[in-house]
Each structure stands twice: as C-alpha cells, then as structure tokens.
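Undergrad: Let me give you the structure first, and then I'll get to my questions.
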Amino acid sequence: MNPKQYRMIAAVFGVGLIAGMVAPAFAQSQEVKEKPRMYTYVALWSLPRAQWGDWQKMEAADAKGMQDAIAKGTIISFGDDENLVHQPDQPTHDDWFQSMSMAGLMNMLDQVYKQGGAMNPVLQSSTKHWDNIYVSRYYNWKPGASVKDGYSYGSTYKLKEDAPDDAIDMLAKTAIVPHLEKLLSDGVILEYEIDTEAVHTSAPGSFSIFWIASNSDALDKSSAALRDLLKSNPLVGPAFDSVVDFKPHRDFLTRTDAVYK
Numbered sequence: 003m004n005p006k007q008y009r010m011i012a013a014v015f016g017v018g019l020i021a022g023m024v025a026p027a028f029a030q031s032q033e034v035k036e037k038p039r040m041y042t043y044v045a046l047w048s049l050p051r052a053q054w055g056d057w058q059k060m061e062a063a064d065a066k067g068m069q070d071a072i073a074k075g076t077i078i079s080f081g082d083d084e085n086l087v088h089q090p091d092q093p094t095h096d097d098w099f100q101s102m103s104m105a106g107l108m109n110m111l112d113q114v115y116k117q118g119g120a121m122n123p124v125l126q127s128s129t130k131h132w133d134n135i136y137v138s139r140y141y142n143w144k145p146g147a148s149v150k151d152g153y154s155y156g157s158t159y160k161l162k163e164d165a166p167d168d169a170i171d172m173l174a175k176t177a178i179v180p181h182l183e184k185l186l187s188d189g190v191i192l193e194y195e196i197d198t199e200a201v202h203t204s205a206p207g208s209f210s211i212f213w214i215a216s217n218s219d220a221l222d223k224s225s226a227a228l229r230d231l232l233k234s235n236p237l238v239g240p241a242f243d244s245v246v247d248f249k250p251h252r253d254f255l256t257r258t259d260a261v262y263k
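Going by the working numbering, the final residue of the sequence shown carries number 263, and the count climbs one at a time with no gaps.
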C-alpha cells in the first residue's frame, strides 16, 4: 500500500464531521454519547535486548496484585505491550492500567511503588523511561475480556491549528466510534478507546486511537473494513484532511497481554 492510499484509509477516521459529510452513512446507528471519563496510566521503557526475556516473567508476577485491584474496583483493566516495530529512542515495552477516576489511578500507582515494582531489576536496566496519563470519553470493551499474546494497534493524530474546538468529539461521534463499535460487535476487536492527554507532557491538540484484538487476523480485517468504509464514503478523506495535520501522525503495533473487568 503506497503512502497516498494509506493516507486516504487513515482519513476515514473522521472528517465529514465538519460539514456533515458522513453523518448520513451512520444515520441508523445508535447515537454516540460521551461516557464517564476513563483514565489510563502508561509506563514506557526502553530495555536492552538481553532483558526482553525477563519482561513477561516480571509482568506475570505482578498480575495477581492487578487482578485484586480489579476485584476491589480500584482499576478496571491492566496490561502490557511489547513493541513490534522498533524505532531509535522509542520504547521497547510498556505496561498500563486503567481506572474510572484519577484517584483510582494514583492509588494503584502507590500500591505498585509500595510493593517495590519500580525497583525491579528488569526496569532498572532500562536505558530510557517515561510515563503518560490519558483520559478517554469514547471507549468500549467486551466485558471480562482477557487476551494473551494478542495485538494492539494505535494511531496518533495532531489537529490543525484552526480545527474547531469540538473536532475530536465530532470525529468520534460521527465516524470513529460507529466504525469501531461495528468491529467490536463483529468480534474483530476486544476493546477500543480514543485518548487525549490528561496530564500534558506534549502540546495540546493531539489524540490517539487504540484497539486490542486476540489474534493477527484483526489486522487484515480492520484494514479491509476501513477500505470498505472509505469506498462507501468518498468525501471523508478530504474532510479529515481539513482538520488533521498528518505530518506528526504515527502508528504503533504491539504484542499485548490484557485483562478487563
């Protein structure tokens, strides 16, 4: 697939929102509304290759505490990722957990620190480390979903300077959520979310789309669904271009273990 084709496929994630171009295509879909805020804490690590084999052992040892936190209602999910498309100065691994409140997120983080998780020798070997906290108002998952050696696909986007203040909401309600809900309903994916930074470590105006699947078939099925959607809505590409600056756009593909409430 050449860059132009990819750009057009990625463009389906939005647009028409500004001029109402794609609204008719989803006229029969259930109205999309904002959900209560869901917060995500992500710790990213660049680990020497010699430590990669110990990563899963460390995560498996931490899983019971995370499961207990789900049972208590402190968090609603947790997981970890291994990057499959490596880039210089980018993370090789990450782990994360989610809560319906910032308090729950910080309580879980306190528990991790008190149990000495941050002092694990695997993490101590990292050459780079950083954290992010995200908030999502558009998300869904299959209740009780659990995946081992699944796949996560993520895309980050940057709004143009003159994009409307509600551009992300319009994109989510008109195109992104109906499309991802269909993939969720069809069993192609197990979870999705649209994230923005809750604690800004970069300039505002960026958003990310992530989904998780249990197997690699979802990569092809998702791409096919996007192509079909683009064909049925030929005006969404130009509309998406009108609000999104593609220069900083990036994609992420990881192997994922995850557990959801």
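Quick reminder that beta carbons are idealized off the backbone N, C-alpha and C, glycines included.
Who are the Cβ neighbours of residue 54 in its own chain at under 8 Å, not counting the five residues just before and after it?
TA: 84, 94 and 95, listed in sequence order.
Undergrad: Would you give the residue range spanned by the alpha helix (DSSP H) that residue 55 belongs to?
TA: It spans 54-74 - the alpha helix (DSSP H) in which residue 55 sits, taken as one unbroken run.
Undergrad: By how many angstroms is the C-alpha of residue 261 removed from the C-alpha of residue 148?
TA: About 4 Å.
Undergrad: At what residues does the alpha helix (DSSP H) containing residue 170 begin and finish?
TA: It spans 169-173 - the alpha helix (DSSP H) in which residue 170 sits, taken as one unbroken run.
Undergrad: Beta-carbon separation of residue 227 and residue 185 under 8 Å?
TA: The answer is yes: Cβ separation under 8 Å.
Undergrad: What is the DSSP secondary structure of residue 46, counted as helix, strand or coil?
TA: Here residue 46 sits in strand by DSSP.
Undergrad: When the Cα atoms are used, what is the spatial distance from residue 122 to residue 106?
TA: C-alpha separation (whole angstroms): 23 Å.
Undergrad: Applying the 10 Å Cβ sphere with the 16-neighbour rule, what's the burial state of residue 24?
TA: Legend: pLDDT at residue 24 = 47, less than 50; position of this residue unreliable, no value from coordinates given.
Undergrad: If residue 210 sits next to residue 152, beta carbons under 8 Å apart, how far is it from one beta carbon to the other, in whole angstroms?
TA: So it is not a contact: roughly 18 Å between Cβ atoms.
Undergrad: Just to check my reading of the structure: residue 139 and residue 37 have Cβ atoms closer than 8 Å, yes? What is that Cβ distance to the nearest angstrom?
TA: Confirmed, Cβ separation roughly 6 Å.
Undergrad: Pull up the CB-CB distance for residue 97 and residue 65, whole angstroms please, since I reckon it's below 8 Å.
TA: Contact flag wrong, Cβ pair sits at about 10 Å.
Undergrad: Would residue 81 be called buried (16 or more neighbouring beta carbons within 10 Å of its own) or exposed?
TA: By the 10 Å Cβ count, residue 81 comes out buried.
Undergrad: Residues in the same chain with beta-carbon distance under 6 Å from residue 141, minus the five sequence neighbours each way, listed in chain order, please.
TA: Hits under 6 Å: 40 and 195.
Undergrad: What residues in its chain sit with their C-beta under 7 Å from that of residue 250, if we drop five residues either side in the sequence?
TA: Excluding residues within five positions, the ones whose Cβ falls inside 7 Å are 160.
Undergrad: Using CA atoms only, rank isn't needed, just tell me which of 131, 192, 165 and 110 is closest to residue 143.
TA: For the residues 131, 192, 165 and 110, the minimum Cα distance to residue 143 belongs to 192.
Undergrad: With distances taken from CA atoms, which of 155, 61, 43 and 51 is nearest residue 219?
TA: Among 155, 61, 43 and 51, the Cα nearest to that of residue 219 is on 155.
Undergrad: Alpha carbon to alpha carbon, how far is residue 88 from residue 49? Give it in angstroms, no decimals.
TA: Whole-angstrom Cα-Cα distance: 12 Å.
Undergrad: In or out: residue 86 buried (at least 16 other Cβ within 10 Å) or exposed?
TA: The residue is exposed, with fewer than 16 neighbouring Cβ atoms inside 10 Å.
Undergrad: If you scan the segment 146-227 from start to end, which runs of the beta strand (DSSP E) of 3 or more residues do you find wholly inside it?
TA: Counting whole runs of 3 or more residues, the segment 146-227 contains the beta strand (DSSP E) stretches 148-161, 193-199 and 208-215.
Undergrad: Consult DSSP for residue 250 and reduce its assignment to one of helix, strand or coil.
TA: Strand at residue 250.
Undergrad: Which residues share a DSSP beta bridge with residue 242?
TA: Answer is none; residue 242 lacks a bridge partner.
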